[in-house]
Amino acid sequence: MQMQANETTPIIEADNLTKRYEDGNLALDHVHFQVKPGEIFALLGANGAGKTTTINLFLNFIEPTDGEARIDGIATHRDPLAAKRKIAYVSENVMLYPHFTAFQNIDYFARIGGQTHYSDQDYHDVLRRVGLEDEAHGRKLKTFSKGMRQKCGIAIAILKNAPAILLDEPTSGLDPKAGHEFIDLLQSLRGEGKAILLSTHDIFRAKTIADEVGIMNKGMLVMKRSRAELANENLEKLYIDYMTGNGVHDGGNAHA
Amino acid sequence: MIGTLIEKELKYILMGPKFAVTFLICAVLILLSLFIGVQDYKASMRRYEAAVALNDQHLAEKTSWNHLSTRAFRRPEAMQVFAVGVANDLGRFSGVDARTPVRLDHSVYADDPLFAVFRFLDLGFIFQVVLSLFAVLFTYNAINGEREMGTLKLTLANDIPRTQFVLAKFAGSWLALVIPLLIPLLLGLLMVLGLGVSLAGVHWAKLTAFFGVSLLYLTFFVALGVLVSGLTRHASASFLILLVIWVSTVLVAPRVGMMLAAKIHPAPSVAEVDGQIDAYNKERWDTYMAELETMWQRRSAVLEGLDDEARQAYRDDHEWEWMEEGDNARKAVEADQQAFAQKMQDALQQQKRRQEGLALSLSRFSPASVYLHAAMNLAGTHAGMKHRYETAIRAYQQAFLAHADEMKKQSGLNSHNGFSISVSSDGGVQMSMGEESQTIDVSTMPRFLDPVPSFSTVFSQSTMDMLLLLAFTAAALIGAYAVFMRYDVR
Amino acid sequence: MLKLIIHKELREIIASPKFVASFAVTAILILLTFYVGAQNHRLNVSRYEAAKTANLRKMEGLTDWMRVNNHRIFLPPQPLESLVNGVSNDIGRTTTLHGRGELTAQSSRYNEDPLFAVFRFLDLDFVFQIVLSLFAILFAFDAINGEKERGTLRLTFANDVPRATYMLGKWIGAFLSVGVPLLIPILLGTLMLPLMGVTLSGAEWVRLALIVLAGLLYFGLFLTLALCFSVYTHRASNAFLGLLVTWILVVMIIPRSAVLLAGHAVDVPTVDALAFQKAQQRSQLWREDREKMRNFSTLGASDAEKVMQRFNAFMSELSDARQEKMDALASQLNSQRRLKQNAQARLALGLARLSPSAVFSLAASRLADTDLGMKSHYLDEATGYQSSYAGFMKEKTGMNMGSGMVIFTTGGDEEEEKAINPGELPVFDYTPTPLTEAINGAALDLGLLVIFNLLFFAGAFVRFMRYDVR
């Protein structure tokens, strides 16, 4: 059901999102959250908690058993292609095409994303914006370090110019400087009105940048706190509590 | 969008080291195989022309049409430059005379086994073995490779239907494999023409079909590669699987089918049949001798009571009649012997055909065999060549013998220029030498014309195999599509 | 330390799906080859027996030894030729004897059954040369650079491991883990032979063992070559590509090109040219003899039989003289041709020996007696038999074969004529080349296989000493 896009309509919405696999494994258990334009939502959790599963549901790489994942009102499992037009995705461990240069890679993915109007200068600008030096633009990806590849991934997301941006563990393996640059980028993107869903286990960064933080454990969203609420709490302590099962599980149902 | 996808495929493949290397190898192999093919063909042609000339010379020196034998030679075909098939395994000629059955013998390899030690390297082989392997190398990681690189997720995070993606993968790999092939192929064709092989219209038609089938065969392997890469998560797994499939399909299956057929439908050897033919010939000859004896006794009886003069007169009167009688009896022997030999050959042929039919069916489980059949049939160098030639030579044999008979009649009574000995109780021993006559005139003798099959003939012979190949390819394509629709891209 | 490395190699390789799949396929192929070879041999033997029987049967009922013609002998099938085909299916195997003159072989198996030529046979030569070499490549192409890519190489060398030991361990490990299991299907296969009714003599067992040895050396050589490539490149995919190219070069290009070159370089007169020269001589001699026959007088002939006897003796003389001249020319022309052929073969095979594939193939076919020499050996044996056959026939008929006329007397007394016993004919006892000769012939190639192994290992070893393990 298409809704009028306006300030208060969430762009990224998980509505009782559930995924149970054929072998009985409950990967996602009625996860519920919203991300409005100009907001960053950070999903925290250990490996296997369900963060990537959530993102995969938004990308229609798997289908929900119950509930819905919606992008700008479009249910992703009902009209995946339409939904994908509105998503920019940065995956964990961005590999890209090793024999292509950075330039060639982002050009290709920009076109795949439907953006065919960019000029060469535009590409160079974006690559600079994400912090890649000029001489690296024409180098093949196989010579890049992990951080440089990550930056290419972001560049691709920027070029897509989509209302929703999904990032899966984007800062893992980045040195502090690169991590800091990355945060700056995200903030500028938020300033442009993008709705950003970020999955990470980097508590520090999450605290710095997120408008809302959700903690996932064993497929459930066990806690959701807004920035305001977190100002008075120790996120690290909360995180550990929830990980070890001592936290108060409010089902993430408390809405801001 | 699919244009972008295909473009990227092409660009990406072209930029990798794999491409440059395989292209170089393909180019070298294609040109080399064509070069070798031309040399083989020209050598065979020289051999053929020399043999025909010698045979003609031989005939020209003959002085009698009696017991004349000639040879029918198999002319090398231009198509064998591309797919040599059994051209060098099959006998180069057959004797043509009144007594012996038509049978091709003395193949190039039998006369010069050196060339059999390492076999041939024709274009058909390059396609069948090498290019199919390269097709697999290009596509074994079409799907799972992208998955491992993380780019599959990235791509499908966009508005790209899976159908387009898999189609682009297939088309991109196909173009990257086929387009570079065209260059050495064209160069090769130019080289073939440049080296003096003349190709007629029918050859071009056959060649076009041959290239078409070869491309279809490659297409199958490209589709197969994409299919298997969509069945596995890891490129190393699909690589192994495809290698196993390739070895089984291309190298093993064709051979095994044949052996099974030989076991199920055994046929006697030619040597055995020859023995049976000889046994019959001996018996028939005995009968003939008995007839001659009877004939002589009859004649002697008639001449019994006459005096010398009357006897001579009688002999003179009946000379022609007796000659004809003798001739007819002899011809009857030859005809009977030929007929029996033919019957045995036909029975053998039938058994062989059953065996071949079974072998062909069994082998058709492998696309490589199917391709081989189609290619050889189009080139006219398949095993059926033997039957085709022996049938044609048999027809020639009839024409030749009829002509010889005609010429014998024309040259009159003294067609025996051997010598004869007659021993009779009254005349004693008499020997007469025939006259040393002039050499015979062979200018009007019919010439053996090679049965070169028309394009429509070879095309219809290969239709079944071409359709099978099409079916294989379609199945692989559909399979690849179906498999990718459900592929876990994470 | 060495043992540790070898142990790890063994465990790693044998546990891999790569090994399981390749070993399964190879084992099946090897067993299939032995099975098919045994079946083929039995088929060949039964056809051979049938042909011999038919040959003798056609002589039954004849009352005169002089009427025996078209006596045929056949090259008996040897068990090893079904395992290593060589040229055994390309050469003629039937020879018709006329008592004198040169012999030719007719009717090769591929000519008789061209469909077999389309597909060729599955023999050990093929399995080793083509399939096993591919699998050797598959196993060792990433032996070193794969470890590098996985990061385990630097992990290993962060310890006190001598490079030489590591390399040796890799090599031995590969050999043991892949080569030794191969022995299982090979042994099973060889056991299949007697079980399926194919008996080998002691000498033949030795030959087979040596063929297997050659195959294993060849397999090892490719293993070592792959090891070499994996040391000379830093990426496994590049090594594989390089190996594939080498494989194509070695297995397909070099041998065939060598033959082509030799074909160009050495001109061998064609069989037809020779046949023509012989035919010309024959016509010439006949013409001369006709004159002599014309002058044969029958004067004073009253006793037909005496005349016939005199005539036969006369014809015999003529024919013997003629045959002598023809034999002389034939042997001169033939030996000239053979010399040229041998020169051509020497050049071709010498060049081909640049390729280990060719070396193996030559060794195997030499040991199996299916190499180029097969044809001439057969014809030599046949010629030897022809003399004993001719001698036998002269005893029985009183004249040399092909010299007299077949006389059919009409009238006269009919004695009770007894049928001849074809079983009296001497038997063609074909002796294959002696074992020592075969071994000597193959020694060069076996040696080359060992040398190739050592060469490639040395190459890998030397390079690895300075290999960048990071």
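Keeping their order, the protein sequence lines are chains L, C and S.
The numbering used here runs 1 ahead of the 1-based position in the first sequence.
The numbering used here runs 14 ahead of the 1-based position in the second sequence.
The numbering used here runs 357 ahead of the 1-based position in the third sequence.
Ideal Cβ positions, reconstructed from N, Cα and C, are used throughout, including at glycine.
These numbers come from a predicted model, not from an experiment.
With burial defined as no fewer than 16 other Cβ atoms inside 10 Å of the residue's Cβ, what is the status of G768 (chain S): buried or exposed?
-> The predicted model places G768 (chain S) with a pLDDT of 45, which falls under 50 and marks its position as unreliable; any figure quoted below should be read in that light. With fewer than 16 other Cβ atoms within 10 Å, it is exposed.
With DSSP as the reference, label T10 (chain L) as helix, strand or coil.
-> coil
Residues from the region 82-104 of chain L in contact with chain C, defined by Cβ distance under 7 Å = L82, K85, R86, I88, Y90, S92, N94, V95, M96, L97, Y98, H100, F101
With a cut-off of 8 Å, does the C-beta of V441 (chain S) fall near any C-beta of chain C?
-> no
Which residues bound the alpha helix (DSSP H) around M273 (chain C)?
-> 267-278
Mind listing the chain L neighbours of V503 (chain C)? Cutoff is C-beta to C-beta under 8 Å, in chain order.
-> F62
So which residues on chain L does N172 (chain C) lean against when the C-beta distance must stay under 7 Å?
-> K85, I113, G114
Mind listing which residues of the region 277-306 of chain C have their C-beta closer than 9 Å to chain S's C-betas, in chain order?
-> K277, P280, A281, P282, S283, V284, A285, E286, V287, D288, G289, Q290, I291, D292, A293, Y294, N295, K296, E297, W299, D300, M303, L306
What is the DSSP secondary structure of G278 (chain L), reduced to helix, strand or coil?
-> Residue 278 (chain L) lies beyond the range of chain L shown here (2 to 257); nothing can be said about it.
Could you confirm whether any beta carbon from chain L is found closer than 8 Å to the beta carbon of P127 (chain C)?
-> no
List the endpoints of the continuous beta strand (DSSP E) containing M217 (chain L).
-> 213-218
Can you pull the DSSP bridge partners for T91 (chain L)?
-> Position check: residue 91 (chain L) holds Val in this sequence, whereas Thr was assumed. Per DSSP, L:L168.
Would you identify the three-state DSSP class for G132 (chain L), choosing helix, strand or coil?
-> coil
Among S:V563, S:R466, S:R667, S:A596, nearest to S283 (chain C) - alpha-carbon criterion = S:R466
Please say whether Q680 (chain S) and G458 (chain S) have beta carbons closer to each other than 8 Å?
-> yes
Which chain C residues sit within Cβ distance under 7 Å of K110 (chain L)?
-> Note that residue 110 (chain L) is Phe in the sequence shown here, rather than Lys. Result: L168.
K225 (chain L), enclosing beta strand (DSSP E) - first and last residue | 221-227
With which residues is E69 (chain L) paired in a DSSP beta bridge?
-> L:D16
Do you know how far the Cα of A566 (chain S) is from the Cα of Y575 (chain S)?
-> 14 Å
Using a cut-off of 8 Å between C-beta atoms, extract the partners of F633 (chain S) located in chain C.
-> L68, Q71, H72
Between the region 137-149 of chain C and the region 44-52 of chain C, do at least 3 Cβ pairs fall closer than 8 Å?
-> yes
Would you identify the three-state DSSP class for V419 (chain C), choosing helix, strand or coil?
-> Just to set this straight, residue 419 (chain C) is Asp in the shown sequence, not Val. Residue state, collapsed to three classes: helix.
Chain L partners of T18 (chain C), CB-CB under 8 Å?
-> Y109, R112, I113
T263 (chain C) and S380 (chain C) look like a contact to me (Cβ under 8 Å); what is the Cβ gap, rounded to whole Å?
-> 5 Å
Exposure of W422 (chain S), with buried meaning 16 or more beta-carbon neighbours within 10 Å | buried
Short Cβ contact (8 Å threshold) for V206 (chain C) with L415 (chain C) | no
If you measure beta-carbon to beta-carbon, which residues of the region 257-268 of chain C are closer than 8 Å to chain S?
-> L257, V258, V261, S262, L265, V266, P268
Once you ignore the five residues that flank L631 (chain S) on each side, which residues in its own chain have a CB closer than 8 Å to its CB?
-> L690, N691, R694
For the region 89-103 of chain C, which residues have a CB atom closer than 8 Å to at least one CB atom of chain S, in sequence order?
-> G99, V100, D103
Among all the DSSP beta bridges, which residues are the ones paired with R85 (chain C)?
-> C:G109
Residues sharing a beta bridge with L44 (chain L), DSSP = L:S200, L:G215
Cβ of E469 (chain S) within 8 Å of any chain C Cβ | yes
From the beta carbon of E348 (chain C), is the nearest beta carbon of chain S less than 8 Å away?
-> no
Hey, does A310 (chain S) have any beta-carbon neighbour from chain C nearer than 8 Å?
-> Nothing can be reported for residue 310 (chain S): it is not among the residues displayed for chain S, which extend from 358 to 827.
With a CB to CB cut of under 7 Å and the five nearest residues on each side skipped, what residues in its chain are close to F514 (chain S)?
-> V826
Can you say whether A382 (chain C) is buried or exposed, counting buried as having 16 or more other CB atoms within 10 angstroms of its CB?
-> buried
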